[in-house]
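Accompanying notes for the structure given below.
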Amino acid sequence: MAAHLDITGVSKRFRQSMVLDDLSLAMGEGEFVSLLGPSGCGKTTLLRILAGLLRADAGKVALAGQDLGPLPPHRRNIGVVFQNYALFPHLTVAENVAFGLKARGTPRGDIGPRVMRLLEMVRLAPLASRAIAQLSGGQQQRVAMARALAVNPQLILLDEPLSALDRKLRETMQVELRRLLRELGMTAIFVTHDQEEALALSDRIAVMNAGRIEQLATPAEIYARPASPFVLDFVGQSTALHGRVLTSGLGLLVVQTGLGTVHAQGHFAPGARVLVAVRPERIVPRPAMDRDWTGVELPIAAQTFLGSRRLLHGDLPEGDRAIVELPARPDIQGDVLPISWRIADTLVFAAPEAA
Amino acid sequence: MIHRLGIAWLAAPACIFALLVFALPLALLLVESLRGPQGWTLAGYATFLGSGYSWQVTGRTLRLAVLTTAICLVIGYPAAFALARTRGWLQSLLVAALLLPLSLSVIVKAFGWTVLLRSNGIVNRLLMASGLTDAPLRLLFTETGLLIGITNIFLPFMVLPIFTVIRQIDPRLTDAAATLGGGPFYSFSRVTVPLTLPGVVAGGTLVFSMSIAAYVIPNLLMGDRYQTLSTTIATSFLYLQDPQRGSVAGVLLLLLSLLVVVGSVVLARRARAAP
Chain A
2 MAAHLDITGV
12 SKRFRQSMVL
22 DDLSLAMGEG
32 EFVSLLGPSG
42 CGKTTLLRIL
52 AGLLRADAGK
62 VALAGQDLGP
72 LPPHRRNIGV
82 VFQNYALFPH
92 LTVAENVAFG
102 LKARGTPRGD
112 IGPRVMRLLE
122 MVRLAPLASR
132 AIAQLSGGQQ
142 QRVAMARALA
152 VNPQLILLDE
162 PLSALDRKLR
172 ETMQVELRRL
182 LRELGMTAIF
192 VTHDQEEALA
202 LSDRIAVMNA
212 GRIEQLATPA
222 EIYARPASPF
232 VLDFVGQSTA
242 LHGRVLTSGL
252 GLLVVQTGLG
262 TVHAQGHFAP
272 GARVLVAVRP
282 ERIVPRPAMD
292 RDWTGVELPI
302 AAQTFLGSRR
312 LLHGDLPEGD
322 RAIVELPARP
332 DIQGDVLPIS
342 WRIADTLVFA
352 APEAA
Chain B
1350 MIHRLGIAWL
1360 AAPACIFALL
1370 VFALPLALLL
1380 VESLRGPQGW
1390 TLAGYATFLG
1400 SGYSWQVTGR
1410 TLRLAVLTTA
1420 ICLVIGYPAA
1430 FALARTRGWL
1440 QSLLVAALLL
1450 PLSLSVIVKA
1460 FGWTVLLRSN
1470 GIVNRLLMAS
1480 GLTDAPLRLL
1490 FTETGLLIGI
1500 TNIFLPFMVL
1510 PIFTVIRQID
1520 PRLTDAAATL
1530 GGGPFYSFSR
1540 VTVPLTLPGV
1550 VAGGTLVFSM
1560 SIAAYVIPNL
1570 LMGDRYQTLS
1580 TTIATSFLYL
1590 QDPQRGSVAG
1600 VLLLLLSLLV
1610 VVGSVVLARR
1620 ARAAP
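Line order of the protein sequences matches chains A and B. For the first sequence, the numbering used here gives the first residue as 2, with consecutive numbering after it. For the second sequence, the numbering used here gives the first residue as 1350, with consecutive numbering after it.
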């Protein structure tokens, strides 16, 4: 069966820089995929290409089996929620939501009820006749959602829609947004540079870097099995040590790092430069107990108290980093802490060049 | 409230100045228009409004102002967009092209146009060299020539207010309109036009009130035979020694431009309130 949205080999170049580099992505109907990456990784460019606001240099985009290439934005059935909402300041809340319906020539009698239904869905019905300037940021965000959803698009694109909101409101809106899109069975692409947001909302995450998708997988998999040092670094926290493979055999590696030897599962030739890593919550504050575990002695640089938990930061040479998540109590005494984790939890990557 | 009044005092010097050199002479003008040899009278108005020639002059003045405003709007609106949406050196160039002519006196510019529009002037020579015409066109002392000149001189006053308004509009609004299914014309008429309306009204009233009262430009490009309300004022005072006729024309000119300016502002507000 063909995918609902099928992006194949899309490239885009601005002057000298390659913004999108032969990017492909396929999505099922009703799926929620996040494009996660640092600013400048090409995620907004991809969004604009999908919406038809920008033309790709190469590649093909098909939605529900139809090639979008020749269609201008107003002929594509794709809703967009812009980063700063781009609400029409001269129209009321209800008129903003009605805009797309009127533009598509929906019969007059159908517009009013449909607008009210959407405003109820985003819980803004009492504010229907307000001016946009009278709304709070969270309310404006909901108007933008209702406006994009009003025309019942085949795909909705969300460009960092929550980034302008404060942290608390953001978390509430995340839940609401997910509920709304699930209820409607809407296929959605969500652009964000906030990894927590991506982890919380997505069916799948596409981690983007320099115009390419580094990894496309479920949030759990992205976190547990990052495909590259970039993904490891960008999603979640981690301890990461550079090292050299000492011995290798039967899928078991012994890696010499700045803190001593670390065991990992993988296939690298002896002498290879690698990066070994482990997620903070996998680490326990005691020496390695048996053959399934591996550990090091960690010099402590600082502790961060977070209420329910405590983070320890390791004192390591440039390029390496260590972070351990522990319960808030008991206090950690001394400058050095023995730490260990299961060998199966050690992540190992070919060392990035010149890192 | 007290605070507001406190701030309002800052306008006091400007208000006093306007009162002395603007409102007071206007009041005197009004008095003059209503005074006859035997005291207060409406005779001046009766004479002026009773003459077909006066109506012709008034009509011509209005026609000139309306045409100038319309042409400036048609040329200036897209120019304002280009100005607001370009970046870098191109924008600087366009801004310079718009603002530099403002530093030249109106008289110099109007005189410049008389040189350009002459039958052996550059405009005619170019037209003939390019083969568009065989004989020189009569441009100077025609309404076409006048409109070319006056549009050139007043155009910046249309472009600047529209440019200022466009710069404050989020360019993504048209993107948003497009993704909602609005074609280019729909987006333009439902988003761009309503949002730029305040700039259009500001530019329109500026150009209209300046061109309805223009004196130097019609005088230099059309000569004495082409009388507008403002040239009539001058003729009445300077040549005909008829201060009452001049005052009446002055008051009528003021009323006309007030009517149009206030009317367009009110209309624009109403259009905004009920889209």
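Positions of the beta carbon are idealized from the N, C-alpha and C atoms, including for glycine. All values derive from a computational prediction rather than experimental measurement.
Can you have a look at residue i and say buried or exposed, based on whether 16 or more other CB atoms are within 10 angstroms of its CB?
i: B:C1345; result: The structure shown has nothing for residue 1345 of chain B, since chain B only spans 1350 to 1624.
i: A:A356; result: Only weak support is given to the placement of A:A356: the predicted model assigns it a pLDDT of 43, under 50, and the value that follows is read from those uncertain coordinates. The residue is exposed, with fewer than 16 neighbouring Cβ atoms inside 10 Å.
i: A:D160; result: buried
i: A:D293; result: exposed
i: A:Q334; result: exposed
i: A:E215; result: buried
i: A:Q142; result: buried
i: A:A360; result: As displayed, chain A neither begins before 2 nor continues past 356, which places residue 360 of chain A out of reach and without an answer.
i: A:I340; result: buried
i: B:Y1588; result: exposed
i: A:M209; result: buried
i: B:Q1593; result: buried
i: A:G53; result: buried
i: A:E121; result: exposed
i: B:S1629; result: The structure shown has nothing for residue 1629 of chain B, since chain B only spans 1350 to 1624.
i: B:W1625; result: Outside the shown range of chain B, which is 1350 to 1624, sits residue 1625 of chain B, and nothing can be said about it.
i: B:T1577; result: buried
i: A:R148; result: buried
i: B:P1624; result: Reliability fails at B:P1624, whose pLDDT of 46 lies under 50, so the model's placement of it is uncertain and the value that follows must be treated cautiously. It is exposed - the Cβ of B:P1624 has fewer than 16 other Cβ atoms within 10 Å.
i: A:C42; result: buried
Check each candidate in the options and name the one with the smallest Cα separation from residue i.
i: A:G296; options: A:A147, A:L307, A:T240 and A:V11; result: A:T240
i: A:R180; options: A:L202, A:V192 and A:E198; result: A:L202
i: B:L1398; options: B:L1608, B:V1597, B:V1609 and B:S1613; result: B:V1597
i: A:T193; options: A:V82, A:P114, A:T305 and A:L253; result: A:V82
i: A:E198; options: A:L119, A:S35 and A:L51; result: A:S35
i: A:P286; options: A:L92, A:G261 and A:L327; result: A:L327
i: A:D23; options: A:L251, A:D234, A:R213 and A:A126; result: A:R213
i: A:S137; options: A:L170, A:R109 and A:G113; result: A:L170
i: A:Q67; options: A:T219, A:D7 and A:G261; result: A:D7
i: A:V20; options: A:A4, A:A59, A:A27 and A:F33; result: A:A59
i: B:I1539; options: B:T1523, B:A1361 and B:L1373; result: The sequence given here has Arg at residue 1539 of chain B, not Ile. That would be B:T1523, whose Cα lies nearest to the Cα of B:R1539.
i: B:L1537; options: B:G1553, B:P1520, B:I1365 and B:L1442; result: Correcting the residue type first, residue 1537 of chain B is Phe in the shown sequence and not Leu. Checked all of B:G1553, B:P1520, B:I1365 and B:L1442; the closest Cα to B:F1537 is B:P1520.
i: A:L251; options: A:P271, A:G244 and A:P71; result: A:P271
i: B:V1600; options: B:L1546, B:A1617, B:Y1394 and B:G1385; result: B:Y1394
i: A:N153; options: A:A129, A:L185 and A:A165; result: A:L185
i: A:L125; options: A:E177, A:V277 and A:R205; result: A:E177
i: A:S25; options: A:P71, A:A57 and A:D167; result: A:A57
i: A:P90; options: A:A132, A:I301 and A:I190; result: A:A132
i: B:S1560; options: B:A1367, B:G1498 and B:C1364; result: B:G1498
i: A:A351; options: A:D336, A:L254 and A:R343; result: A:L254
i: B:V1549; options: B:L1354, B:I1511 and B:S1558; result: B:I1511
Residue i and residue j look like a contact to me (Cβ under 8 Å); what is the Cβ gap, rounded to whole Å?
i: A:F235; j: A:Q196; result: 6 Å
i: A:G10; j: A:K44; result: Going by Cβ atoms, the distance from A:G10 to A:K44 rounds to 17 Å, so no, they are not a contact pair.
i: B:R1516; j: B:A1433; result: 5 Å
i: A:L217; j: A:A207; result: 5 Å
i: B:F1506; j: B:L1555; result: 4 Å
i: A:P74; j: B:T1528; result: 5 Å
i: A:V275; j: A:V246; result: 6 Å
i: A:E32; j: A:T188; result: 6 Å
i: A:L313; j: A:L338; result: 7 Å
i: A:P230; j: A:P353; result: 5 Å
i: A:L260; j: A:L233; result: Their Cβ separation, rounded to whole angstroms, is 18 Å, which puts A:L260 and A:L233 out of contact at 8 Å.
i: B:L1465; j: B:V1455; result: Not quite, the Cβ-Cβ distance comes to about 15 Å (not below 8 Å), so this is no contact.
i: A:V98; j: A:V116; result: 5 Å
i: B:I1582; j: B:G1572; result: Between B:G1572 and B:I1582 the Cβ distance is about 17 Å, and since that is not below 8 Å, they are no contact.
Comparing the CB of residue i with every heavy atom of the ligand FAD, is any distance shorter than 7 Å?
i: A:V34; result: In terms of ligand content, the structure shown is empty, and the ligand FAD therefore cannot be addressed.
Let me see if you follow: with CB-CB separation under 8 Å, is residue i close to chain D or not?
i: A:A63; result: Of the protein chains in the structure, A and B, none is chain D.
Which runs of the beta strand (DSSP E) fall wholly inside the segment 179-252 of chain A and span at least 3 residues, in chain order?
189-193, 205-210, 213-218 and 240-250
Completely contained alpha helix (DSSP H) runs for the segment 1423-1505 of chain B, where each covers 4 or more residues:
1437-1448, 1455-1466 and 1471-1478
Could you please tell me which residues of the segment 1469-1490 of chain B, in chain order, have their CB closer than 8 Å to any CB of chain A?
Those would be none; no residue qualifies.
What residues in the segment 1557-1574 of chain B bring their beta carbon closer than 9 Å to a beta carbon of chain A?
none
Can you give, in chain order, each stretch of the alpha helix (DSSP H) that sits fully within the segment 26-85 of chain A and has at least 4 residues?
44-52
Members of the segment 1518-1531 of chain B near chain A, C-beta cut-off 8 Å
Those residues of the segment 1518-1531 of chain B that come within reach of chain A (Cβ to Cβ, closer than 8 Å) are D1519, R1521, L1522, D1524, A1525, A1526, A1527, T1528, L1529, G1530 and G1531.
What residues in the segment 1533-1557 of chain B have a beta carbon less than 9 Å from any beta carbon of chain A?
If the cut-off is 9 Å between Cβ atoms, the segment 1533-1557 of chain B has P1533, Y1535, S1536, R1539, V1540, P1543, L1544 and L1546 near chain A.
Chain B contacts made by the segment 146-165 of chain A, where a contact means CB separation under 9 Å:
Of all residues in the segment 146-165 of chain A, the ones placed with a Cβ closer than 9 Å to any Cβ belonging to chain B are R148, A149, A151, V152, P154 and L158, in chain order.
Continuous alpha helix (DSSP H) assignments of at least 4 residues falling wholly in the segment 1530-1568 of chain B
1533-1536 and 1542-1561
Considering only residues of the segment 124-170 of chain A, which uninterrupted beta strand (DSSP E) runs meet the minimum length of 3 residues and lie entirely inside it, listed in chain order?
156-160, all fully within the segment 124-170 of chain A.
Using a Cβ-Cβ cut-off of less than 9 Å, list which residues of the segment 36-52 of chain A approach chain B; keep chain order.
R49 and A52
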